[in-house]
Each structure stands twice: as C-alpha cells, then as structure tokens.
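Going line by line, the protein sequences match chains A and B.
Take 1 as the starting number for the first sequence in UniProt numbering and just add one per residue.
Take 1 as the starting number for the second sequence in UniProt numbering and just add one per residue.
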Amino acid sequence: MTTIDTTTDPAGFHHGIVPEVLHEQPASKPVKFYQVGSFAVGNRLLPLEVRSVQSDPNRTNSLTSGHRACQGCGEALGARYALDAAMHAADGKIVAVNATGCLEVFSTPYPETSWRVAWLHSLFGNAPAVASGVAAAYKAMGRSDVRVVAQGGDGGTVDIGFGCLSGMFERNDDVLYICYDNEAYMNTGIQRSGATPPAARTATTQAVGEDPGNTFGQGKDLPRIAMAHEIPYVATASVADLRDLAAQDHRAMSMRGARYIHVMVPCPLGWGTASGDTIKVARLATQSGIFPVFEAEYGEVVASSPIRRQVPVEDYLKGQKRFAHLFSPTRRQDVIDRMQAQADRNIRRYNLLPTAGATETKAQD
Amino acid sequence: MRTQIEGSLAVAQAVAACRPQVICAYPISPQTHIVEGLSAIVKRGELPGCEYLNVESEFAAMSGAIGASAAGARSYTATASQGLLYMVEAVYNASGLGLPIVMTVANRAIGAPINIWNDHTDSMSQRDSGWIQLYAETNQEAVDLHVQAFRIAEELSLPVMVCMDGFILTHAVEEVDVPEAADVARFLPPFEPRQVLDPANPVSIGAMVGPEAFTEVRYLAHERQMQALDLIPAVAAEFQAVFGRDSGGLLHTYEIEDAETVVIALGSVLGTIKDVVDERRARGEKIGVLGITSFRPFPLKAVEAAIGNAKRFVCLEKAFSVGIGGIVSSHVRMAMSSHPIKNYTVVAGLGGRPILKTSLNDMLDQATTDSLEPLTFLDLDTDLVEREIARNRAERRSGPAAENMLRDLGAPAP
Chain A
1 MTTIDTTTDP
11 AGFHHGIVPE
21 VLHEQPASKP
31 VKFYQVGSFA
41 VGNRLLPLEV
51 RSVQSDPNRT
61 NSLTSGHRAC
71 QGCGEALGAR
81 YALDAAMHAA
91 DGKIVAVNAT
101 GCLEVFSTPY
111 PETSWRVAWL
121 HSLFGNAPAV
131 ASGVAAAYKA
141 MGRSDVRVVA
151 QGGDGGTVDI
161 GFGCLSGMFE
171 RNDDVLYICY
181 DNEAYMNTGI
191 QRSGATPPAA
201 RTATTQAVGE
211 DPGNTFGQGK
221 DLPRIAMAHE
231 IPYVATASVA
241 DLRDLAAQDH
251 RAMSMRGARY
261 IHVMVPCPLG
271 WGTASGDTIK
281 VARLATQSGI
291 FPVFEAEYGE
301 VVASSPIRRQ
311 VPVEDYLKGQ
321 KRFAHLFSPT
331 RRQDVIDRMQ
341 AQADRNIRRY
351 NLLPTAGATE
361 TKAQD
Chain B
1 MRTQIEGSLA
11 VAQAVAACRP
21 QVICAYPISP
31 QTHIVEGLSA
41 IVKRGELPGC
51 EYLNVESEFA
61 AMSGAIGASA
71 AGARSYTATA
81 SQGLLYMVEA
91 VYNASGLGLP
101 IVMTVANRAI
111 GAPINIWNDH
121 TDSMSQRDSG
131 WIQLYAETNQ
141 EAVDLHVQAF
151 RIAEELSLPV
161 MVCMDGFILT
171 HAVEEVDVPE
181 AADVARFLPP
191 FEPRQVLDPA
201 NPVSIGAMVG
211 PEAFTEVRYL
221 AHERQMQALD
231 LIPAVAAEFQ
241 AVFGRDSGGL
251 LHTYEIEDAE
261 TVVIALGSVL
271 GTIKDVVDER
281 RARGEKIGVL
291 GITSFRPFPL
301 KAVEAAIGNA
311 KRFVCLEKAF
321 SVGIGGIVSS
331 HVRMAMSSHP
341 IKNYTVVAGL
351 GGRPILKTSL
361 NDMLDQATTD
371 SLEPLTFLDL
381 DTDLVEREIA
391 RNRAERRSGP
401 AAENMLRDLG
411 APAP
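See the structure below:
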C-alpha cells in the first residue's frame, strides 16, 4: 500500500493533477473472525495492534455518555466512532465544528456538553466554512498538529450547507467533513431532504395519494458530487461496519486537504424501526447494494466493500415503517422493482459483487 | 505615512498594519478594492502569518471569520449591501458567540431595485445585530477607526462593523496618513481571546441555550455594549496619544455650543453639512452639527449633553424605516426624552442621490423657521411619484413601478 504524501503540498494532487499512485487497498483490512450471524468482529481474537480504537480502554469518548439522543440513534454511534478515530489519529489534537441538527442539539443542552473535544457550533448551513476558518487560523498560527473535523446531518450537508461544502472542497481546505446521513430532517420532525430516498414517507412526503412517499428522480448523491471536486479522499461508510468507518477515518486523517466521509446512520424514529435494529437495518442497506460502501481518491474510486451475502432490497425496505405503504394495503411491486434497480446499478457501478461477476439480482417475491 | 491614496487601499493598508491572521474575501461593490488590496499585500508576502481565504459567498466569509476567531486568530472581512444581507445569519451568530471580528461595510443601498450606490440602508438593517457600529466621516477616520476597532472588539469580545460610505469614501483618492505597523503594534496588543478552541483545554462553544439562561446571555451582550460607551472614548484618547489624531470616539460636534439648530448625521455627508453651516454661521445663524460616530452602542447621554441647549434638531438620514420614518431621529428623540425639542427627519442621499448644498439650504430655511414637514424626503421628485400612484389607481396590472418611473423619466438606469 502506498501512502500519498500531501502534507507538504495539500493541494498538490487537487483538480486534475493526477497522483502517480493511489491507495490500492481499502482502508479497512479484512478480518476473518466475524460472527456468521451478525458479521460483528471479535476484537479479542485480533492482535493488539490491529484492535479497534473502541476496544482501547483509554479511548477518548469524544462524544461521551449522558447525551440525549434517542435510543438506537445511528448518528450518535457513528459520531462517537468517527470522532474517537480522528482523535486517535491526531494524537488528541482535534477541533470539531458541528452544523445545527440532532447531533448538536442532543449533545449540548445548556449547561451540559457531551463533547470531550474542542467543539464549535455556529449555524445550520455554515459548518464547512466555519471549519475552513478554523483550519486557516491554525495554519496562520503555524499549528499543523491541530486537525479540523466538521460534521453535520444530511440536511446540513447536502441541502442548506451545500454551497459552503462545495466551496470548502473546491479550495481543498484542510478539513475532514463527515456527513451523518439519516435521509431526512429528523431534528425538526422528519421532513424530506435532498438525501431522502424515493418512496420514503416523511412529514413533507406523506404516504398518501397515488404515489405515496418521496418522488422518484429527485435527490442528490453527495459522495459522487464530492468526487467531482477531485478532492483527496471521499468515502462512504455505515454504522453496520464500524470497524471500516474507523479505518476510513484513519485513512482520511493520514491525508491533508478536503476529505469527505458520508456515513449512513439509521434513525429509528424517522425510519420507523425498532431501536434495537439500527445495525441490522444499516447492514441490510449495504448488503442489498442500496447503500454502496466505497472509497475514492482524487475523483477515482479506489476500493469498494463487497457484499458478503446479498439480500434483495425488499428485505431492507420491509422492516421500515417509512416504506410500509409499498407493502400494504396493496403491494407496489413497480416501486420495489425501481428500488431494486437502483441497488443493482450501485452493484455494477462500484463492483460490489466481484466474485459473482456483478450480475444483477431480481427481487424475491 | 501621509500619502495620496484611494480610501479602500488606505483601509487595506491599515487593516494589514493590524496584523490580521485570517482574512475572508468575497467581492461586492463598492467594497471590493479593500479585499483586492489585502490580497496583494498577503500575496507579496508582506503579511506573514496571515491566511487569505477566497470564499464562495458572504455567508461563508462571515462563517470563516467565525471559525478563525473562535480558534484564536485575529479575523477580518469586508462587505456591502446585498452581501451584508446575505451573511446576516452569521452576522448575528458572530455577535451572539462574542467573537471579536472586524468587518468593513462599504455602505451601499439595498435592492430591489438593484442599486450599487451609497446610502446607509445596509448597515442600518443590522443595527440590532449585536455588533458595534462605527461610522467614518472621512477616509482618514475610516483608516483610524479600523485600528481602533480591533482594540475595542478584542477588549470586549464583541464584533465591530466599521461603516464607510461606498464610492464617496471607498473610491475617493485623497491624502491619508496611513498608520504604520510599528505604531499600531504600540497601540494594539496581540489578540488574547477570552474564549478559544484549544485541543489541550477543550470547551464547547455554541451550545443550545433555553429559556433558563437565554435572557441572561442576551443581557450580557447589552451590558458589554454599555461598557463600550466608556471604552470607545478611552480607546480614541489612547489612539490620539500614539498617532496624534482626534479620530473615533462616540460623536463629533461642530459649532454646537450656542446652536439653536443642530443638524445630525452619520458618515461622509457631514462634510457637506459643515460647509452649509459655515455659510449660515457667516450670516449669523446659530446652527451647529452633531456627527454620530458610534451608532451601536448609541450614546444617549452624550447626545443629550451635546444638543441639550438647542431649540431643534434635524436628522439627515441615508436610510429610513419604511412605514414609520427616521431611524437615527427616533434614537435622538429618545436621548432628548426628558426635555423634548422640535425635530425633523430628512431622508436624503438614497441610492447615491447627491446631497446638494442648495437642497440642504432650502431645507434648513424651512427647519429654522419650523415650517418643515416632520418627515421630509430631500429632492423627492413628487411629479414622478404622483404619476405612478395614478397608474396604480387607474389599472390593476400597472406593471413594475421602478421600470415605469424610469420610462417616465425617459432615462435608462445609469
């Protein structure tokens, strides 16, 4: 594996200047000891040096206990792993900038805070620009040791914060931006965002009328938009594979310039799932192909996480109340087929079934 | 060093002399020359330890300044007009967080109709944003106010807006004594933040505050502006000790001691008003001028002390509150609430309309005889307005008002 040294020239490979070598392996090394039923990785079977940050009793607990997230919150879980990994990679020298949203609200009800990192919240739509300012300040002060992480939900990232995010990408500012995507505005009560999937029921795309739920043919794929900026690193991740998330975080932190990680974080409240099923739902998303996990460097996909046991998209949809109208009172096979087609396209596009030759799968009746 | 220089470039040099560490830049007329000047200074390597961020919007410019300031860097940006409005959410956020950012506002009208020329509608719209607002009368004062602004901002941990008239000041070339970095260093100590993002001592900044403490947080913002009423004159006095110039402070008076009529204004129009007052004084009229430098905080007591003996005041304003009238005049009436005097609001210079001595003299002839309307729009083309009102009454689809009136004038937009 080759590491690209961009520390001396963070912008050196940016914007069409193609690096000689990209990473040839995914950030996360395969672990053979996962439990067959859950794919959970048993840290105790691994050598000490490759155990996860979370298994370290001295981990930072960047987002520590006592916060007010809902039971089973995927965002709280993702944020803790992401920030702890970043803290680990940066020797504890992290400044986190947070967009307005669930993560901000549940973590800092005055006068309490769950953050054990230096943390700044400004507005809903400006976290990337605030982070650019923080990074510029540390650069001006000659503090290259302090690293900047910005984070927000999908609304704060793909919608209201998009202009600032694109600007931060375009300038290749030295910021790792992490989007926790739960596919709607959950903090305000589950309204549609630009990341809400088609057919999903939200408070502003209700399960009524001839075509209930969110409209097909809308929404944006921010990881691919991020790639189009040709920034050093773009990755997608899932709370179903927290080890991979931490590994991607470490890889991102090994690089300089604008980096983006898009984490799928199920929301029990918004998705209508049991709070104990967050990981299960997230895993069905990756194993169906509806949420592809991949890494890209300088605009090129360099690795993707293969599907271990493919499931039809229906398995992912049917456990969520936001898609209940696809199954009852009348089954909407047409919609389910369109969703399966999206998963199949992801499988082709990111080579998620390499051994099977990326053949398309049909939804099971 | 005294030099013939454009106002914007003089401000750029003065800001550079204050050693900012992060400058966020986004172009908008008539502010653009300031950030262009700073760009060249940074790019030439004359400002080591300064990062110059070319951002994608004014919203990002203020947001970048927020991040930089919270990280402990002296932060600066500049804007005008639509740009100021575009960043409003972040403007309030900067003051709410108590971050000592300094921003130049090159005053310009707000659309629609779009208009690039000078008035005060932009910064006046932000009078309740929690920022300190200082208005410059001349380019020399604009330059000096920037140096003082960093000092005031960092002492109080509050952001400061330095307002200077777009084009009239920003694009005027005249002699300015631009402060030297060495002198500024004697006046302005390095930035020592009251709150800072520090990984070694992590704090959370920007937490959610509910009814239990929100009033107290807002009250403290007011209390700090009240502190500024003492600090602003003290900083001006120290500035005078180092630089030898009487610049800044809460307000300036001119020929006011025995004045029966006091004309009150902000910014560059004070020069024209002083010329008119000189002429009227020469004819024996007891008339004087009050220039308000600090509009936020508003110096109620200082204003009352300055015009307490007058019989009347005339507020000449380059902005107004649609639906009620004068903005500055309502403040001055509040200052005079214990012994009210006759007063007049004169809205003038909107969208760059020249404020002429003849018009001022005609208006003052009426004011001094108390025959002026309480709210007067100087040089208003009444015929033009009446024709549009008639059109509105005559037909339902009367069309866009601005375009109708331009057609009536037979003149395209300049």
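Ideal placement from N, C-alpha and C gives every residue a C-beta, glycine not left out.
Query: At a Cβ threshold of 9 Å, is B:M336 touching chain A?; Result: no
Query: Determine which residues share a DSSP beta bridge with B:C24 and list them.; Result: B:L53, B:T77
Query: Assign A:A118 to one of two classes, buried (16 or more other C-beta atoms within 10 Å of its C-beta) or exposed (fewer than that).; Result: buried
Query: Can you check which of these residues, B:T345, B:A70, B:S125, is closest to B:L99 by C-alpha distance?; Result: B:A70
Query: Taking 8 Å as the threshold, find out whether the segment 225 to 233 of chain A comes into contact with the segment 265 to 278 of chain A through three or more Cβ pairs.; Result: no
Query: Got a sec: is the Cβ-Cβ distance from B:D198 to anything in chain A below 9 Å?; Result: yes
Query: Just tell me which of B:G248, B:I287, B:A402, B:T345 has its CA closest to the CA of B:A319.; Result: B:T345
Query: When the Cα atoms are used, what is the spatial distance from B:P27 to B:N54?; Result: 9 Å
Query: Which residues of chain B have a Cβ atom closer than 8 Å to the Cβ of A:V117, listed in chain order?; Result: P199, P202
Query: So, are the CB atoms of B:V303 and B:V289 less than 9 Å apart?; Result: no
Query: For B:V217, which option in B:G130, B:I389, B:E285 has the closest C-alpha, if you only look at C-alpha atoms?; Result: B:G130
Query: Using a beta-carbon distance cut-off of less than 9 Å, what residues from the segment 124 to 135 of chain A approach chain B?; Result: F124, G125, N126, A127, P128, A129, V130, A131, S132, G133, V134, A135
Query: For the candidate residues B:I287, B:A172, B:V314, whose alpha-carbon lies nearest to that of residue 416 of chain B?; Result: Lying outside 1 to 414, the shown extent of chain B, residue 416 of chain B is not represented and no answer is given.
Query: Determine the direct distance from the alpha carbon of B:L84 to that of B:I132, and round the result to whole angstroms.; Result: 15 Å
Query: Can you check whether the CB of A:A76 is closer than 9 Å to the CB of A:L245?; Result: no
Query: In the DSSP assignment, find the alpha helix (DSSP H) that holds B:M291 and state where it starts and stops.; Result: The residue asked about is misnamed: residue 291 of chain B is Gly in this sequence, not Met. That residue, B:G291, is in no alpha helix (DSSP H); its beta strand (DSSP E) goes 287 to 292.
Query: Taking only beta-carbon positions, decide if B:E154 is within less than 9 Å of chain A.; Result: no
Query: If you measure between the beta carbons of B:L38 and B:A16, is that distance less than 9 Å?; Result: yes
Query: Is B:A213 helix, strand or coil by DSSP?; Result: coil
Query: Got a sec, what are the start and stop residues for the beta strand (DSSP E) A:N98 sits in?; Result: 94 to 98
Query: So, is A:F106 buried or exposed, given that buried needs 16 or more other C-beta atoms within 10 angstroms?; Result: buried
Query: Return the Cβ separation of B:N93 and A:L352 in integer angstroms, given the expectation that the two are a contact with Cβ distance under 8 Å.; Result: That pair is no contact at about 42 Å.
Query: Where DSSP assigns a beta bridge to A:I160, which residues make up the other side?; Result: Per DSSP, none; premise fails for A:I160.
Query: Is A:E360 helix, strand or coil when you go by DSSP?; Result: For A:E360, the pLDDT reaches just 43, beneath the cut-off of 50, and the residue's location in the model is therefore unreliable, although a value from the coordinates is still provided. Coil at A:E360, not helix or strand.
Query: Taking the continuous beta strand (DSSP E) assigned at A:Q324, which residues delimit it?; Result: A small fix is needed here, since residue 324 of chain A is Ala in this sequence, not Gln. Element bounds for A:A324: n/a, residue is neither H nor E.
Query: A:I94 CB to nearest chain B CB: under 9 Å?; Result: yes
Query: Let me know the secondary structure DSSP gives A:L122 once reduced to three states.; Result: Residue identity check: residue 122 of chain A is Ser in the sequence provided, not Leu. In this structure, A:S122 counts as coil in the three-state DSSP scheme.
Query: Three or more C-beta pairs under 8 Å: does that hold for the segment 221 to 240 of chain B against the segment 156 to 174 of chain B?; Result: yes
Query: Since B:S57 meets chain A, which of its residues come closer than 9 Å, beta carbon to beta carbon?; Result: A129, G163, C164, G167
Query: Going by Cα to Cα distance, which pick from A:Y185, A:G92, A:M168, A:F291 is closest to A:S62?; Result: A:G92
Query: Output the residue ranges of the beta strand (DSSP E) runs that lie fully inside the segment 39 to 114 of chain A and measure 3 residues or longer, sorted by chain position.; Result: 94 to 98
Query: So is B:C50 in contact with chain D if we call contact Cβ pairs under 9 Å?; Result: Protein chains in the displayed structure are A and B, and chain D is not among them.
Query: For A:L45, count neighbouring C-beta atoms within 10 Å of its own C-beta (all shown protein chains included) and say buried if the count is 16 or more, exposed if not.; Result: exposed
Query: Closer than 8 Å, Cβ to any Cβ of chain A: which residues of the segment 14 to 32 of chain B, in chain order?; Result: Q21, V22, C24
Query: Over what stretch of residues does the beta strand (DSSP E) that includes A:H229 continue unbroken?; Result: Neither: A:H229 is in no beta strand (DSSP E) and is coded neither H nor E.
Query: Classify B:Q225 as helix, strand or coil using the three-state DSSP reduction.; Result: helix
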